Structures are given as C-alpha cells and as structure tokens.
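Line order of the protein sequences matches chains A and B.
Numbering (the working numbering) for the first sequence: 1 to 335.
Numbering (the working numbering) for the second sequence: 1001 to 1112.
Note that beta-carbon positions come from the ideal geometry of N, C-alpha and C, so glycine has one too.
Predicted model only: the values in this text are computed from it and were never measured.
The structure under discussion appears below in the form of structure tokens.
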Amino acid sequence: MIETDILIIGAGPCGLFTVFEAGLIKLRCHLIDSLPQPGGQLAEIYPKKPIYDVPGFPSILAGELVNNLIEQGAPFNPGFTLGERAETIERLEDDTFIVTTNRGTKHKAPVIAIAGGLGCFEPRKPELENLAKFEDFGVDYIIKDPEKFRDKKVVIAGGGDSALDWTIFLAEVASEVTLVHRRTKFRGALDSVEKVQHLAEQGKIHLHINSEVSHLAGDDTLSTVTISDKVEKTSIDRTTDYFIPLFGLSPKLGPLKEWGLDLNRESISVNTLDYSTNVPGIYAIGDINDYEGKLRLILCGFHEATLMVQSAYKRIHPDKNLVLKYTTVSGVNSF
Amino acid sequence: MEDFITLYVTDLKGVRHEIQAPTDMGLNLMEAMKANELPVKATCGGMAMCATCNICVKSDHPLPEMSEDEEDMLDEAFVLDIDGSRLSCQIPVSSEIDGLEVVLGSLTDPEE
C-alpha cells in the first residue's frame, strides 16, 4: 500500500505543480496517471507547441513546461503510479481514502486532489470486428515495456509520431516489424519519417502505405493480421505476435463518474473557496473542475492548486496554523 | 448586426440550432459553436490536434482548403472519408460562410 498526504489523480501541469505547493508546506504527494509519462495533454498531445500565457514565460514549449514542473517538484520527492487508471475510491472510518487502480495498486491518503484534466486518455481503436477478443492477447494500445516485444513479430498501425517512433525503436528489438499506414504521407517529425523510409529501403522493416489492417485471426492469442492495400485492392496475411494500433488517444472522464461527486456535464463542481468537492477531503483542480467563471487555463490551475493545498493542510493538521512563507525568504527545503 | 453571420448546426440529437457569430473577433467555427453553448468537446482547444470538433458540412459554401495537419488528424480519427468532414476549429468565422449548414460529428460528444 502506497501512503501519502495528498494523492493526486492526474500528472498534468496542475497535478505536478501541486507537488511543489504542497512540498512548501511539508505535505507529501503521490500522483496516479493513466498515461505512461507525466505531463498530461502537454506531453501527450502537444509537446512541441509553444504556450504564451504562462506568467514569466513569453513563450515556452509545452514539453519544456512539463520538464520544468517536474524539476520544480523534484525536491519534494513525489511518488508516481503511471500507466494505471484510478478506478475505485473507498472511504475508511478514520476519514482517509483508499484509491485502487485498474491494475490493483492501492494508495492511501487523507486528501485526494483530482487534477484529471479532461479525463483519462483512452486509445482510439480501429473498427475491427474481433479487436476486443485479442486485447491483452496480442493487441496492445500503449507500449509500457518495449522488452515485451524482444524477438517477437510486431505489426504497428498508424501514421503519427508514436507509430513512427516505436517502429524505429522496435526495429532494433523485435524480430520483425511491419508498419501499416492508411495514407502515403506521415504525420510526424520529418527526421522520423526519413528514418522509417530508410529502414524500409534497407529491408529492416516492412512498410505498407495506403493500407490498413482489415482482419485479425488466431485461436486464443493473435497469430495473423490481414493487411489490405486500399489503392491496389490487394491483401496479404502476415503472421505476427503483436498488433499495436497507434491512432492517438482521446480523453474520457471514466471511472471518476462513479465516485459520488457533484458533476456538471463532464466537470466536477467545486467551491471556489478551496476547490473542495461535495465530498470532504476530495478536491478538484484544473481543467476537470467547474465553477462560475471557470477558465480552462494552466495558470488558473496553478492558482487553484496553491489555494487547495492550504485547505488540505488544515484537514491533515487541524490543530496547526499555517503561516504563509515566501520562497525568497525560506527557500525550498527538500524532503 | 452587419458584423454577424448566421450558422445552422444540427446536434447529435438531431436538433437544428440557428446561431449567430461575430465576424470581427477572430473566431473559428468551433469557438462560435461553444460560445453558443453547443456541446462540442474540442479537447485540444483548436490546434487541429484532436478530432473532437469534427463536423460534416452540408452546404456548398467556399471553405478554406484543408491543411495537411487537418487532413492527417481526420484520417487518424477515421473520419476523413466521410463526405464534408472537417475540423470546425480550422474554419474561420467570416462573411463567406454566412448561412453555413453543418452537422456535429459523433466525436464531438462531451459525454463520450
């Protein structure tokens, strides 16, 4: 069981900044995120996009902001449960909570801060009739441990950066890599596109453009995919151990809906005094919350996180009074 | 109201809404729909990096040509081949699209 002071659901910018603000008042944090890396949307959707409205930064790339936030929180040694989705919450008699992930990891904390952005990122799935049957039996949507594919045959579908990057990476790891893309052009960094084309010319990977995987076959586990060429109107069968469709991710509120929180559409209603929800001990900050005048901006999320940890402190230490200390005076005392 | 245009949006329940949008605020169609409180998910906020503002254009207004980013994104979300399929965030609100008729795509559903 992982124990902490503030359990943060969502490791986006808001969740990451909470670690820093909580650390300043000596509260420990642990973060859960369904993505395999911290940063939320900024890391997953637009790492290379400049952001112009972070105070003090005339322009900063989303990916850089994430790295800075991780660095800023590092002195406070946060814990991470990544690639797992917070699934259920249970309230104990002593007013603490236990949050369990879809992989069964349990976390205990007196305060929960939901910084879930737009929800959990779920993989976009191609329409294939028996796709669900092979999920976890040959079909993977997220690559957590590339070693799983060592000396295996892998078919990747998609035309974006993750499809290109994993094709390049797995070309050295897997015994055979096939990349299937529905079009001729790739969406992705130019040097990755060139690398993939080079690998194909050298015969190190199989590249099928204008094509899609049209059928999956196998007994208990996947053994064959059918690749159809949309232009030539031909199809071939390829034996494989894995099929990895990488068509991006789209966010869904998911299991949080069942946590007994007051919702307004897909957002969690909060009190702007301290961003508390209707359940004492559970707070919601950043894009996932809703109140009158709400703006979904990173800078507003930072403000919400800062006020929220003050309230969390009072809950955790009801007998102590907090005095605001400036970092210019006190510095950052790590733990 | 000469700086305003009228747009017709059919939502996922099949209800047709008539909305007004100002042409002098640098809005795109996605923003105009959201400003009129139509349920459009629009996850990425208008960067052509998701497809949750996907619409089908039903009228024959002259529209800006699709950028490569938009085309790639529609393809990745499996909606490129649908007739009239566009990302509403990539269509500027201008007098050229006065009277535009669109239908929200299923990807815009905020509940999904």
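Is it the case that the stretch 45-56 of chain A contacts the stretch 94-104 of chain A, given that we only count it when at least three CB pairs across the two stretches are under 8 Å? By the C-beta criterion, the stretch 94-104 of chain A is judged not to be in contact with the stretch 45-56 of chain A, since fewer than 3 inter-stretch pairs fall below 8 Å.
In whole angstroms, give me the CA-to-CA distance for His107 (chain A) and Lys153 (chain A). If you number the first sequence from 1, residue 107 (chain A) lands on position 107. If you number the first sequence from 1, residue 153 (chain A) lands on position 153. Each residue's Cα considered, the two are about 37 Å apart.
For Phe1078 (chain B), the nearest candidate out of A:Pro38, A:Val177, A:Lys125 (CA to CA): Taking the first residue of the second sequence as 1, we reach residue 1078 (chain B) at position 78. Closest option to Phe1078 (chain B), Cα to Cα, is A:Lys125.
So, is Ser162 (chain A) buried or exposed, given that buried needs 16 or more other C-beta atoms within 10 angstroms? Counting from 1 along the first sequence, the entry for residue 162 (chain A) is found at position 162. Taking all protein chains in view, the Cβ of Ser162 (chain A) is crowded by 16 or more other Cβ atoms within 10 Å, so the residue is classified as buried.
Just checking, does the stretch 204-221 of chain A make contact with the stretch 1012-1031 of chain B on the three C-beta pairs under 8 Å criterion? Here the stretch 204-221 of chain A does not lie against the stretch 1012-1031 of chain B, with fewer than 3 beta-carbon pairs under 8 Å apart.
Since Gly160 (chain A) and Glu1076 (chain B) should fall inside the 8 Å C-beta cutoff, what is the C-beta to C-beta distance between them, to a whole number of angstroms? Position 160 of the first sequence, counting from 1, holds the residue named residue 160 (chain A). Position 76 of the second sequence, counting from 1, holds the residue named residue 1076 (chain B). Taking the Cβ atoms as the reference, Gly160 (chain A) lies roughly 6 Å from Glu1076 (chain B), within the contact range of under 8 Å.
Nearest by alpha-carbon distance to Cys29 (chain A): which of A:Ala189, A:Thr226, A:Leu16 is it? Stepping through the first sequence from its first residue, residue 29 (chain A) is reached at position 29. Here the closest residue by C-alpha is A:Leu16.
Give the range of the alpha helix (DSSP H) segment to which Thr221 (chain A) is assigned. Here residue 221 (chain A) refers to the residue found at position 221 when the first sequence is read from its first residue. Unbroken run through Thr221 (chain A): none, as it is neither H nor E.
Straight-line Cα distance separating Gly104 (chain A) from Lys26 (chain A): On the first sequence, position 26 is the one that residue 26 (chain A) refers to. On the first sequence, position 104 is the one that residue 104 (chain A) refers to. Straight-line spacing of the CA atoms in Lys26 (chain A) and Gly104 (chain A) works out to 28 Å.
In or out: Ser34 (chain A) buried (at least 16 other Cβ within 10 Å) or exposed? Here residue 34 (chain A) refers to the residue found at position 34 when the first sequence is read from its first residue. Burial call: buried.
Do the CB positions of Ile114 (chain A) and Ile288 (chain A) come within less than 7 Å of each other? Looking up residue 114 (chain A) in the first sequence gives position 114. Looking up residue 288 (chain A) in the first sequence gives position 288. Against a cut-off of 7 Å, the Cβ pair of Ile288 (chain A) and Ile114 (chain A) comes out as a contact.
Have a look at Lys325 (chain A) and Val111 (chain A) and give me their C-alpha separation to the nearest angstrom. On the first sequence, position 325 is the one that residue 325 (chain A) refers to. On the first sequence, position 111 is the one that residue 111 (chain A) refers to. Answer to the nearest angstrom: the Cα atoms are 22 Å apart.
Beta bridge counterpart(s) of Arg1016 (chain B) as assigned by DSSP: Taking the second sequence and counting its residues from 1, the one referred to as residue 1016 (chain B) is at position 16. Arg1016 (chain B) has B:Thr1010 as its beta-bridge partners, per DSSP.
For a contact meaning CB atoms closer than 7 Å, what does Glu1148 (chain B) contact in chain A? The structure shown has nothing for residue 1148 (chain B), since chain B only spans 1001 to 1112.
Chain A within 7 Å of Met1033 (chain B), Cβ atoms only: Against the second sequence, residue 1033 (chain B) aligns to sequence position 33. Taking Cβ atoms only, chain A never reaches closer than 7 Å to Met1033 (chain B), which makes this a no.
Give me whichever residues DSSP pairs with Cys1044 (chain B) in a beta bridge. Translated into positions along the second sequence, residue 1044 (chain B) becomes position 44. According to DSSP, which records beta bridges pairwise, Cys1044 (chain B) is partnered with nothing at all.
By DSSP, does Leu1087 (chain B) sit in helix, in strand, or in coil? Indexing the second sequence from 1 puts residue 1087 (chain B) at position 87. Three-state result, Leu1087 (chain B): strand.
How long is the line joining the alpha carbons of Ala1095 (chain B) and Pro38 (chain A), rounded to whole angstroms? Translated into the one-based positions of the second sequence, residue 1095 (chain B) becomes position 95. Translated into the one-based positions of the first sequence, residue 38 (chain A) becomes position 38. Here residue 1095 (chain B) turns out to be Ser, not Ala, going by the sequence shown. The C-alpha of Pro38 (chain A) is placed about 43 Å away from the C-alpha of Ser1095 (chain B).
Any beta-carbon of chain A closer than 7 Å to the one on Thr1043 (chain B)? Here the question's residue 1043 (chain B) lines up with position 43 in the second sequence. Yes, Thr1043 (chain B) counts as interfacial toward chain A.
Could you list which residues in chain A have their beta carbon closer than 7 Å to that of Ala1077 (chain B), in chain order? Working through the second sequence from its first residue, we reach residue 1077 (chain B) at position 77. Chain A residues near Ala1077 (chain B): Arg124.
Asp1098 (chain B) versus B:Leu1107, B:Leu1063, B:Met1073, B:Pro1039, residue with shortest Cα-Cα distance: Taking the second sequence and counting its residues from 1, the one referred to as residue 1098 (chain B) is at position 98. When only C-alpha atoms are compared, the closest one is B:Leu1063.
Excluding the five sequence neighbours on either side, which residues of its own chain have a C-beta within less than 6 Å of the C-beta of Ile8 (chain A), listed in chain order? Against the first sequence, residue 8 (chain A) aligns to sequence position 8. Cβ neighbours of Ile8 (chain A) beyond the five flanking positions: Gly15, Thr18, Cys29, Leu31, Ala113, Ala115.
Take every Cβ of the stretch 292-307 of chain A, pair it with every Cβ of the stretch 72-88 of chain A, and state whether three or more of those distances are shorter than 8 Å. When Cβ pairs closer than 8 Å are counted between the two stretches, the stretch 292-307 of chain A is seen not to touch the stretch 72-88 of chain A, the count staying below three.
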